[in-house]
Structures are given as C-alpha cells and as structure tokens.
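If you read the sequence shown in my numbering, its first letter stands for residue 7, the second for the next number, and so on.
Glycine included, each C-beta is placed from N, C-alpha and C at the ideal position.
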Amino acid sequence: MASLRTFVQSEIRSSIGVKEEILGMDALTEEIACVAELCVSVFQGGNRILLAGNGGSAADAQHIAAEFVSRFMFDRPGLPAISLTTDPSTVTAIGNDYGYENLFSRQLQANGRPGDLFIGISTSGKSPNILRGFKTCHDLGIHSVALTGKGGIQAMELADHCLMVPSSSTARIQESHILIGHVICAIVERLIFGDRERL
Ligand SMILES: O=C(CO)[C@@H](O)[C@H](O)[C@H](O)[C@H](O)COP(=O)(O)O
Ligand SMILES: [Zn+2]
C-alpha cells in the first residue's frame, strides 16, 4: 500500500486539479464575476442574501454569511446576510412539523423578500430542501444562485444562476465552493466599499 504521505499528496493534487480546470473555464469564471455583481446590486438595493446547504455545505453557508456580516479583507460596515441553517429551534420545528425537504422553502417564505438573493449550496445538486428553495424563490421574486457539482442539472434548471464545479467528488466540490465564495466576497467588498483599482 502506498504511504500515507503519497495519499496526502494525491489528494492535494486532485484538489488543485479541479481548481485548475475551473481556471480554464471562461464561462464559469465569467459567471462567478456575474454572481458577484448580482450580490452587489442586491446589497445596494437594500436587500439581503440568504444562504443554505446541508452538512459541510451548511458550514459553507454560515462561513460565507459571516464574511458578509463581519468582514472579509478589510474593515467596513456589515452587509446583511443570513444562513438558514443556524437556528436549531427553527430547523427542528420545520423538520419535525413540515418535513426536512421544506426546511429552506419555509424560511424563504417567512423571511425572504422580493429582490433578496438565495444562494443554495448542494454538491450533488439533488438535495430536495435546496431544490424546493429554488422553486420558492421563483414564486416569490427572490433571485437564486446554485453552487453545485457536475451532477447538479436539476439545480441548474431551477436557479437563476448556476456555478457548477467540474467534479463528482463531494469533498473536491466543497473545496472549490469555498474558494468561489471567498472570491465573490472579495469582489463584493471591493466594489461596494472601494479599492476597485486592485480588481
Ligand atoms: O461534508 C460532507 C462531505 O464532505 C457531508 O457532510 C455532506 O455535506 C453531506 O453528506 C450532505 O448531506 C451532502 O448534500 P449535498 O451537498 O449533496 O446537497
Ligand atoms: Zn466535508
């Protein structure tokens, strides 16, 4: 059996490989920039960004919301973003009373407003609670963005924008999702608060 160090190196190589592939995809890198501009117009219009995901992607949703509300690269006023995964009372009440598949659609209906933006993160692109979230956005006039992987055709069809990482590995997709999230935060922060010359 190969040494553990060889395994570590091959995992790192595989993660870099997916990111190299994204780097070469003009349509995807263009779409990432386009989603960042959408985030700017949502915030400048006085609206909010709502994020959601399951498992590791729930952590990514919280992580990105925190970058907006607190800070990313430099000090500036907070931007309104909320992760729909972080309130155990809400999560357990909806899960228990309405079913897990309604977890995000119910919260979007309760707290989303027309002009807000929902970022649904699903590596498979098949999680029912995320897909229902996109449908609810459509009904309520909420913009929607899917962060997904190669299999995320349904998510791509339901969301207004889709950032599809060219991989079928959950871990590799998640690693690229957080990279994409950070790039979007960096662009949004600079476009709203200055420092444009560094873009
Ligand atoms: O973090 C990981 C695997 O890296 C897991 O917790 C993973 O997020 C969970 O299995 C999720 O339920 C997967 O959901 P999705 O990304 O397919 O929507
Ligand atoms: Zn994980």
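Inset, instruction - Measure the CB-CB distance between Asn135 and Leu109 and report whether it falls below 7 Å. - result: A Cβ-Cβ contact shorter than 7 Å links Asn135 with Leu109.
Inset, instruction - May I ask you to check if the CB of Asn60 is nearer than 6 Å to at least one heavy atom of ligand 1? - result: In this structure, the C-beta of Asn60 approaches ligand 1 to less than 6 Å from one of its heavy atoms.
Inset, instruction - Measure the C-alpha to C-alpha separation of Ile148 and Phe13 and round it to an integer number of angstroms. - result: For Ile148 and Phe13, the distance between alpha carbons rounds to 43 Å.
Legend entry - Residue environment, Glu43, which counts as buried when at least 16 other CB atoms sit within 10 Å: Exposed, since its Cβ has fewer than 16 Cβ neighbours within 10 Å.
Inset, instruction - Inspect the beta-carbon positions of Thr91 and Ala64 and report whether they are closer than 7 Å. - result: Yes, the pair counts as a contact, with Cβ atoms nearer than the cut-off.
Legend entry - Proximal residues to Ala71 (C-beta, below 7 Å), its chain only, five neighbours per side dropped: Excluding positions up to five away in sequence, the list reads Leu57, Ala87, Ile88, Ser89.
Inset, instruction - Note the first and the last residue of the continuous beta strand (DSSP E) segment covering Ser150. - result: Run containing Ser150: 149 to 155, per the beta strand (DSSP E) assignment.
Inset, instruction - May I ask you to check if the CB of Ala177 is nearer than 6 Å to at least one heavy atom of ligand 1? - result: Annotation for Ala177 indicates a beta carbon within 6 Å of some heavy atom of ligand 1.
Legend entry - Integer-rounded CB distance, given that Ala152 should sit under 8 Å from Leu169: For Leu169 against Ala152, the beta-carbon gap comes to about 7 Å, under 8 Å, which counts as contact.
Inset, instruction - Verify the contact flag: Thr91, CB atom, against every heavy atom of ligand 1, threshold strictly below 6 Å. - result: No, the Cβ of Thr91 stays beyond 6 Å of every heavy atom of ligand 1.
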